[in-house]
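Working notes, beginning with the structure itself.
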Amino acid sequence: MSQIKSIGVLTSGGDAPGMNAGLRAVTRTAICNGMKVFAIYRGYKGLISDEVVEFKTQDVSNIIQRGGTILKTARCPEFATPEGRKQAYDTIVKHQIDALVVLGGDGTFTGAKAFAEEYNMPVVGLPCTIDNDLCGTDFTIGYDTALNTVIECVDRIRDTASSHERLFFVEVMGRDAGFLALNAAIAAGAEAAVIPEEEIKKEVLEEVVGNGFRKTKNSSIVLVAESDVTGGAKGIAEAARKLHPEYDVREVILGHIQRGGTPSAQDRILASRMGVAAIEALLEGQRNIMVGIMNDEIVYVPFSRAIKDDKPINKRLFNALRTLSI
Ligand code: ADP
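Going by numbering that gives the first Met the number 0, the first residue of the sequence shown is number 0, and it counts up by one from there.
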């Protein structure tokens, strides 16, 4: 018999489509296994300020199809301090919560790891981010939906690019990881992707702009990951204008459109599988791990590994994009 009689569950950091599906799966699997479920509102902020409500199975009805998170999410700098985490632990003790399930990204797991170590508390994470930048999992919850949103937007931009014979630089999210930009570029038939993993040199830009645009095509689309280094779509567009003042260059920043929306079938299924696995992990005595998926199998990944900053992009995909854009 498991020692865990009650769990707390929260969503934290940037919202991602599928968080609600994950919350639903965690809540119902826990209840199915005889546990009490305490929903914590506004992430670690709500854990510190005791925004805790007991959830029954009907509290997660009718949410699987909703984007964002019904639990709300918040940034909470206090949780990065030992004093803040102490206050959070007081709430845990008050409600007799035995384990915590956190839905979020690398910041959330960095906090979870510190908390779990300080208070010897079992914590399990569900990877929720549209950036797909967590190690030890092929996919994160929210990524597939965002990818589909991006390509829908790019398809629309292409109509204008083609009608006006323009070169468009479209900026997508992913400051530290180019998964969204690269995969959206492939799926939308773009000419190139400018991503943080591959340094963009002047010659490359020339190749992209000079070779594709005007020589063989009258319009072009380049996906650009947001970046302080390149300046994102704006910075790259400026560089392209300098190289080719004769071209009609435009930039579009998709921004928060990418984060919301109804989750795709893939994200709902992924979140449901991972939510079930999070409770199974706790029942097995696992702690301080993120639930991941590798080759369609659920895996458990220590937080220390999940938050490592070295998830590689697929070089072959990058090369395929070059081949396909001639
Ligand atoms: P995400 O989880 O999407 O990466 P954030 O980076 O905003 O989002 O992190 C979410 C929350 O996790 C932060 O508001 C903070 O409460 C907590 N957190 C982030 N970094 C740390 C850290 N180094 N130590 C403790 N808690 C952290």
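Glycine residues also receive a C-beta, built at the ideal position from the N, C-alpha and C atoms.
- Under the 10 Å beta carbon count, E250 is surrounded by 16 or more other beta carbons and is classified as buried.
- Sorted by position in the chain, S11, G12, G13, Y43, R74, C75, F78, A79, G103, G104, D105, G106, T107, T109, G110, A113, T128 make up the residues whose C-beta lies under 6 Å from a heavy atom of the ligand ADP.
- For A24 and N217, the gap between their C-alpha atoms comes out near 49 Å.
- Of the candidates R286, P301, I312, R286 places its Cα closest to the Cα of V122.
- Restricted to the region 275-324, the beta strand (DSSP E) segments that are unbroken, complete and at least 3 residues in length are 288-293, 296-301, listed in chain order.
- If you look at G7, you'll find it in the beta strand (DSSP E) that goes 5-10.
- Between Q265 and V149, the gap from beta carbon to beta carbon reaches 9 Å or more.
- Between the region 303-316 and the region 49-59, the count of Cβ pairs shorter than 8 Å is below three; the stretches do not touch.
- Of the residues assessed, S263 falls on the buried side of the cut-off, its CB having 16 or more other CB atoms within 10 angstroms.
- Burial state of T68 is buried, judged by a 10 Å Cβ sphere holding 16 or more other Cβ atoms.
- Per DSSP, the unbroken alpha helix (DSSP H) holding I47 starts and ends at 42-47.
- Looking at G21, T107, Q64, A180, the one whose alpha-carbon comes closest to that of G254 is A180.
- The beta carbon of K44 sits closer than 7 Å to the beta carbons of A73, C75 from its chain, once the five residues preceding and following it are set aside; these are given in chain order.
- The Cβ atoms of G12 and G141 lie no closer than 9 Å to each other.
- Residue environment analysis places A319 among the exposed positions, since fewer than 16 neighbouring C-beta atoms fall within 10 angstroms of its C-beta.
- Pairing V248 with C127, the inter-Cα distance amounts to about 35 Å.
- E206 sits in a helix when the DSSP states are folded into three classes.
- E283 and G291 have their C-alpha atoms spaced approximately 16 Å apart.
- Separation of E296 and V221 (C-alpha to C-alpha, rounded to the nearest whole angstrom) is 34 Å.
- Annotation for A270: G17, A20, G21, I140 place their beta carbon closer than 6 Å to its own, counting only its chain and skipping 5 residues before and after.
- Positions of the beta strand (DSSP E) runs, each at least 3 residues long and wholly inside the region 108-139, are given as 122-126 in order along the chain.
- Annotated as distal: I185 and I312, with beta-carbon spacing of 9 Å or more.
- A straight line joining the alpha-carbon of E151 with that of A187 spans about 8 Å.
- Under DSSP, the beta-bridge partners assigned to I39 are L9, V51.
- Here R249 is bridged, per DSSP, to F167.
- Look at G103 here: in three-state DSSP terms it is strand.
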